[in-house]
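*Asks:* Chains U and Y, in that order, give the protein sequences.
Just so you know, the first sequence maps onto residues 3 to 378 in our numbering.
Just so you know, the second sequence maps onto residues 195 to 632 in our numbering.
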Amino acid sequence: METSNRFLSRSEIIGFAVLAAVIFIVLPVALDTFRLNLFGKYLTYAFVAVGLVLCWGAGGILSLGQGVFFGLGGYCMAMFLKLEASTPENTAIQSTPGIPDFMDWNQLTALPAWWQPFNSLAFALLAVVAVPVIFAFIIGVAMFTRRVGGVYFAIITQAFAAILTILIIGQQGYTGGVNGITDLRTLLGWDIRTDEAKEILYYVNGVLLFAVLFAAQYVRKSKLGRLLIAMRDQEDRVRFSGYNVANFKIFVFCLGAAFAGIGGAMFTLQVGFMSPTLVGIVPSIEMVIFCAVGGRLSILGAVYGALVVNWAKTTFSESFPELWLLGLGGLFIAVVMAFPNGLAGVYAEHVAPRIAKLFNKSAGDDMPGAAKTPAE
Amino acid sequence: MSPGVNFDEVLGGDMSNKKPTNLNNGVSRRAVLAGGAAALTASLFTPKALRAADYPTAEVNTTGLAVTDDTVTIGILHSITGTMAISETGSVQAEKLAIEQINAQGGILGRKIEYIQEDGASDWPTFAEKAKKLLVNDKVASVMGCWTSASRKAVLPVFEQYNGFLYYPTFYEGLEESPNVIYTGQEATQQIIAGLDWVAKEKGAKSFYLLGSDYIWPRTSNKIARKHIENFLDGAKVVGEEYYPLGHTQFNSVINKIRLKKPDVIYAIVVGGSNVAFYKQLKAAGIDMTKEDPIVLTISVTEDEIRGIGGENIEGAYACMKYFQSLTNDNNIEFVKAFKEMWGDDMVIGDVTQAAYLGPWLWKAAVEAAGSFDVDKVRAATPGIELTSAPEGYVKVHENHHLWSKTRVGLAKADGQYDVVFETADLVEPDPFPEGYQ
Chain U
3 METSNRFLSR
13 SEIIGFAVLA
23 AVIFIVLPVA
33 LDTFRLNLFG
43 KYLTYAFVAV
53 GLVLCWGAGG
63 ILSLGQGVFF
73 GLGGYCMAMF
83 LKLEASTPEN
93 TAIQSTPGIP
103 DFMDWNQLTA
113 LPAWWQPFNS
123 LAFALLAVVA
133 VPVIFAFIIG
143 VAMFTRRVGG
153 VYFAIITQAF
163 AAILTILIIG
173 QQGYTGGVNG
183 ITDLRTLLGW
193 DIRTDEAKEI
203 LYYVNGVLLF
213 AVLFAAQYVR
223 KSKLGRLLIA
233 MRDQEDRVRF
243 SGYNVANFKI
253 FVFCLGAAFA
263 GIGGAMFTLQ
273 VGFMSPTLVG
283 IVPSIEMVIF
293 CAVGGRLSIL
303 GAVYGALVVN
313 WAKTTFSESF
323 PELWLLGLGG
333 LFIAVVMAFP
343 NGLAGVYAEH
353 VAPRIAKLFN
363 KSAGDDMPGA
373 AKTPAE
Chain Y
195 MSPGVNFDEV
205 LGGDMSNKKP
215 TNLNNGVSRR
225 AVLAGGAAAL
235 TASLFTPKAL
245 RAADYPTAEV
255 NTTGLAVTDD
265 TVTIGILHSI
275 TGTMAISETG
285 SVQAEKLAIE
295 QINAQGGILG
305 RKIEYIQEDG
315 ASDWPTFAEK
325 AKKLLVNDKV
335 ASVMGCWTSA
345 SRKAVLPVFE
355 QYNGFLYYPT
365 FYEGLEESPN
375 VIYTGQEATQ
385 QIIAGLDWVA
395 KEKGAKSFYL
405 LGSDYIWPRT
415 SNKIARKHIE
425 NFLDGAKVVG
435 EEYYPLGHTQ
445 FNSVINKIRL
455 KKPDVIYAIV
465 VGGSNVAFYK
475 QLKAAGIDMT
485 KEDPIVLTIS
495 VTEDEIRGIG
505 GENIEGAYAC
515 MKYFQSLTND
525 NNIEFVKAFK
535 EMWGDDMVIG
545 DVTQAAYLGP
555 WLWKAAVEAA
565 GSFDVDKVRA
575 ATPGIELTSA
585 PEGYVKVHEN
595 HHLWSKTRVG
605 LAKADGQYDV
615 VFETADLVEP
625 DPFPEGYQ
């Protein structure tokens, strides 16, 4: 595997620039606010997909429970927004004004102690990253130090997704249950529901996504990134070389969780609610699909994967409300059968060589490994 | 329409005359009018009155909704894929039937209804996304949609922000009164109190075991039931209250507890797939519901659910609803016939399906009363709208956007239908924020 040590190779600079142009120029110009907001929502899934590229594509850790971290981040944000929306004036109709509506419906008469800190935005923002990371750390320590990996790890993460969903639904007085936390209105008095706010949030989302992409790129280019790939391909050899494999796995798993948490918080801000349907098994698997369609070895591919799959989902379901699931299923099968390395693989195999020929340059350092590593 | 006649006044009485046309698409308006019974109101309500030309688009649509000179577009937003599809399909079918019947009559203000159907996919964020698409992109004049409380809660901020108008068909927990929603199903008190009174009076029930799936509707409903049993039924008490997660299928332990406590009534609000397991296990445990020891009273099993449960497994249980397919009034006989003609003979019609059918009709009546498609005007005209052609009988919209309707108790039969054994004499007032039940 041939990997440049520079932070960004020439073709990667082009790749980042193209994505920046798409997100910050093409989409805002081409779309109205409603569609732009939808793409903003799709991009929040890209945070998770980028994390998965590091965990799964680079590190070989397939997590089927990324929805857990996405959900935890989203819920932390939603708790702050819900408290802000539940002023005594807004909730005067309740038995106990001043607490979130779903607590009142469940006969709670006071705000639970663990909700109190979420009155502070600073705490909530910290929690958006910290809660998923702590959760991932606990899972990581429990699993990786015992050398649980591969399929077993995937199944256990899936179980976590199911457990958390059941917990949230069961504790509806504290979490909003199946309905989730809904009717979020303002962020520090700024109405997040207006068209203007949606556009601003879209750009904030875009900037954060690029911050996450650069962080991911940094990890990939560092010694850590090369160790991850080495671990994926020959874990025992890395261990025999004296590295503590578990620590690296825990780190990258926590990093993926932090990315997902940020994505979840941006989802809550842009969509205006959070519910357990975003935490469970189905969304967790969908997020792996975004990553697979985009190409699990390419962080930029993961972003395109999230955009393309969700855009297809919306478009198919609008045009063929009765058949769209079949169409989407067909798309996945086609991608996996024909292009095991996803969109990034297609680019590396078919598009990049032609561009290279065009410019008479080597494209060898583009999308490392994409064309050379067989699909698992 | 003759000059000076107030269209609003005509409307109420007129609904009955529309009944023959609305439920029999083959008959032309002329034929019906010729043979029409109430000739006076019928003559006031000539086709001429509702020609689109009399209602210029610029006047009936001042807010940029999807209204043209001969069409008006509305949205249908239900899950047709995912776990809720089995429940929501009936609502979609009923709404499409109502739209087709309204169009066969000449539409609303001379405009044919066209609909854009979106799939909520049993996924609440998708509901919010599609609701926004319908309101912002398609500019639909109203939306018939949602089923679960969770989906309604997800779309509610969208409807309030963009001033949309939603007709929501499901019986639900109450505690809500949005200016942008018309609740065509019952809120909790309408479904619960009369049924409990009936079982206490007719069957002498004194002890109740409350049981439900674990989410907001069963919990709120059981809260109201408990308050009513403890405060308003003489000497009656609740001997147990338990909740199980959605999709739960192991009810043996609770069935054992029930046998131990020997309640007079099992009050069951189990929903979805859990129903199948619950009633089968109840029967397998030797509780013969036809012997009424204990009596099983449910508010969550309509004819639709019985198809899954199997009539023989629930025979003898009582359900408290506002509508049963077996109602024998003329409206319902026509409705059932039309529904089966459109969707097939093996269809059954549950409470929610009927409530969904009311949506387009209530909207039509409100638009015609307002003489406009503008949401604010339709909203203003909505309280007091009445339908005499409703399959459940006469309904009227309350100030609080819920319907006045009767409460009925049905006895489940092996063939999957209910025998109506009780109905309230009067319409029950909707009370989404019941005093004394909080």
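Note that the Cβ used here is the ideal one computed from N, Cα and C, for glycine as well.
#1: Near residue 421(Y), what residues of its chain come up, given a Cβ to Cβ distance below 6 angstroms and the 5 sequence neighbours on each side ignored?
#2: Below 9 angstroms between beta carbons is the criterion; list the residues of the segment 398-423 of chain Y that meet it against any residue of chain U, in chain order.
#3: Between the Cα of residue 255(Y) and the Cα atoms of 402(Y), 620(Y), 382(Y), 571(Y), which residue gives the shortest distance?
#4: On the DSSP bridge assignment, give the partners of residue 596(Y) in chain order.
#5: Using the Cα positions of residue 492(Y) and residue 28(U), report the straight-line distance between them to the nearest angstrom.
#6: Using a Cβ cut-off of 9 angstroms (strictly closer), state whether residue 86(U) contacts chain Y.
#7: Which two residues bound the contiguous alpha helix (DSSP H) that contains residue 347(U)?
#8: With a CB to CB cut of under 7 angstroms and the five nearest residues on each side skipped, what residues in its chain are close to residue 432(Y)?
#9: So residue 182(U) contacts chain Y; which residues on that side make the cut at Cβ distance below 8 angstroms?
#10: Starting from residue 173(U), follow its DSSP beta bridges and name the residues at the other end.
#11: Which class does residue 188(U) belong to by DSSP, given the choice of helix, strand or coil?
#12: For the segment 267-283 of chain U and the segment 200-217 of chain U, state whether three or more C-beta atom pairs, one from each stretch, are separated by less than 8 angstroms.
#13: Taking its Cβ as the centre, do 16 or more other Cβ atoms sit within 10 Å of residue 96(U), making it buried, or is it exposed?
#14: Under 7 angstroms Cβ to Cβ from residue 196(U), same chain only, skipping five residues before and after it: list those, please.
#15: Taking all protein chains shown into account, do 16 or more other C-beta atoms lie within 10 angstroms of the C-beta of residue 339(U), making it buried, or fewer, making it exposed?
#16: Just to confirm, is the Cβ distance from residue 553(Y) to residue 289(Y) under 9 angstroms?
#17: Run through DSSP, which three-state label would residue 57(U) get?
#18: Is the segment 312-325 of chain Y touching the segment 306-323 of chain U, taking contact as three or more C-beta pairs under 8 angstroms?
#19: Determine the closest residue to residue 451(Y) out of 618(Y), 436(Y), 314(Y), 284(Y), with distance taken between C-alpha atoms.
#20: By DSSP, does residue 442(Y) sit in helix, in strand, or in coil?
#21: By DSSP, does residue 207(Y) sit in helix, in strand, or in coil?
#22: Please identify, using Cβ separations under 7 angstroms, the residues of the segment 162-176 of chain U that lie next to chain C, in order along the chain.
#23: Just by C-beta distance, which residues in the segment 272-287 of chain U are closer than 8 angstroms to chain Y?
#24: Taking the C-alpha atoms as reference points, what is the distance between residue 186(U) and residue 247(U)?
#25: Rounded to whole angstroms, what's the CA-CA distance from residue 550(Y) to residue 20(U)? Just pull it up for me.
#26: Verify the CB distance criterion: does residue 439(Y) have a CB-CB separation below 9 angstroms to chain U?
#27: Please list, in chain order, the residues of the segment 298-327 of chain U that have any C-beta partner in chain Y closer than 8 angstroms.
#28: Return no unless some Cβ of chain Y is closer than 9 angstroms to the Cβ of residue 189(U).
#29: Using alpha carbons as the reference points, say which of 470(Y), 599(Y), 300(Y) lies closest to residue 440(Y).
#30: If I follow the unbroken beta strand (DSSP E) through residue 473(Y), where does it start and stop?
#31: Please classify residue 307(Y): does DSSP put it in a helix, a strand, or coil?
#32: Is it buried or exposed for residue 165(U), if we count other Cβ within 10 angstroms and need 16 for buried?
#33: For a contact defined as C-beta to C-beta under 9 angstroms, what are the partners of residue 311(Y) on chain U?
#34: Note down, in chain order, all residues in the segment 74-101 of chain U with a beta-carbon under 8 angstroms from any beta-carbon belonging to chain Y.
#35: Would you mind reading off the limits of the beta strand (DSSP E) that contains residue 517(Y)?
#36: By a C-beta neighbour count over all protein chains shown, 10 Å radius and 16 as the cutoff for buried, is residue 157(U) buried or exposed?
*Replies:* Taking the definition as stated:
#1: 631
#2: 408, 409, 410, 413, 414, 417
#3: 571(Y)
#4: Per DSSP, the beta-bridge partners of residue 596(Y) are 377(Y).
#5: 55 angstroms
#6: no
#7: 344-348
#8: Only 402, 404, 420, 423, 424 meet the Cβ criterion.
#9: 318, 344, 347, 348
#10: Answer is none; residue 173(U) lacks a bridge partner.
#11: Strand.
#12: yes
#13: buried
#14: Within the same chain, no Cβ atom closer than 7 angstroms to the Cβ of residue 196(U) is found once the five residues on either side in sequence are excluded.
#15: The residue in question, residue 339(U), is exposed, as its Cβ has fewer than 16 Cβ neighbours within 10 Å.
#16: yes
#17: helix
#18: yes
#19: 436(Y)
#20: coil
#21: Residue confidence for residue 207(Y) is low, a pLDDT of 37 falling below 50, so the modelled location carries little weight; the figure read from the coordinates is stated next. The answer is helix: DSSP assigns residue 207(Y) an H, G or I state.
#22: Absent from the structure is chain C; the protein chains it does hold are U and Y.
#23: 273, 274, 275, 277, 279, 280
#24: If you take the alpha carbons of residue 186(U) and residue 247(U), they lie about 43 angstroms apart.
#25: Near 49 angstroms, if we compare the C-alpha coordinates of residue 20(U) and residue 550(Y).
#26: yes
#27: Of all residues in the segment 298-327 of chain U, 316, 319, 320, 323, 324, 326, 327 have a Cβ within less than 8 angstroms of some Cβ in chain Y.
#28: no
#29: Closest by alpha carbon: 470(Y).
#30: First-last for residue 473(Y): 468-478, but that is the alpha helix (DSSP H), not the beta strand (DSSP E).
#31: strand
#32: exposed
#33: 323, 324
#34: 95, 97
#35: Going by DSSP, residue 517(Y) is part of no beta strand (DSSP E) at all; its letter is neither H nor E.
#36: exposed
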